[in-house]
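In our numbering, the protein residues as written are 1191 to 1338. Reviewing the structure listed below.
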Amino acid sequence: MFSIDEIASLCTLTDDIYKLFRSNPSKTEKINLFFASAQEREKAEKNLRSVLSDVNITNSMSLNIEISDINASKGKALEYVCGNLVSGIKSSEIMALGDSNNDISMFDYAGYSVAMGNAPDSVKNYTDKVTGLCSENGFAMAIKNIIK
1191 MFSIDEIASL
1201 CTLTDDIYKL
1211 FRSNPSKTEK
1221 INLFFASAQE
1231 REKAEKNLRS
1241 VLSDVNITNS
1251 MSLNIEISDI
1261 NASKGKALEY
1271 VCGNLVSGIK
1281 SSEIMALGDS
1291 NNDISMFDYA
1301 GYSVAMGNAP
1311 DSVKNYTDKV
1321 TGLCSENGFA
1331 MAIKNIIK
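Here is the structure:
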């Protein structure tokens, strides 16, 4: 387990994310931005998308933005696992469960997608099925329902 100091030593604080990302994109795993309001987040996301077209921009919470390499996504990771680590599994045989916008690429790859009950409507509307809340065993409910 890492200490706070060890984790902090891996982080870079900056006032200019464009300069940080462009200075060495191969060493930038992910940039996390946090906002005080949804309005601020939406404005920043619009601005980022207009300037950074060659990166992956998503979010996992209502007040954050995640910026990563264009090829770094849950969908790409799932595709890699199926193509390189687990032979014989087709994307049509995969069920993906998630609760955030950063899960959408995974839903695109999987043959069947399930949103958690606590997911925002933008995620729920994207999936094949919606299950219960995370706090109410929604994950287990989804597995149980698909196995029936």
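Glycine included, every Cβ here is placed at the ideal spot set by N, Cα and C.
Work out the CA separation of residue j and residue i for me, nearest whole Å.
i       : j       : result
LYS1266 : ALA1309 : 21 Å
SER1243 : SER1193 : 35 Å
ASN1254 : PHE1225 : 6 Å
CYS1324 : ASP1206 : 36 Å
ILE1284 : GLY1301 : 5 Å
VAL1313 : ASN1327 : 18 Å
ILE1333 : TYR1316 : 19 Å
ILE1260 : CYS1272 : 19 Å
ASP1318 : ILE1337 : 16 Å
Rank the options by C-alpha distance to the C-alpha of residue i and give the top, closest one.
i       : options                            : result
ALA1228 : SER1252, PHE1211, ALA1305          : SER1252
LEU1200 : ALA1332, THR1218, ARG1212, LYS1319 : THR1218
ASN1222 : SER1213, ASN1214, GLU1235          : GLU1235
ILE1294 : LEU1268, ILE1279, GLY1278          : LEU1268
If you measure between the beta carbons of residue i and residue j, is that distance less than 9 Å?
i       : j       : result
VAL1304 : ALA1286 : yes
ASN1291 : SER1258 : no
GLY1322 : MET1306 : yes
Considering only residues of the stretch 1228 to 1256, which uninterrupted alpha helix (DSSP H) runs meet the minimum length of 4 residues and lie entirely inside it, listed in chain order?
-> 1228 to 1241
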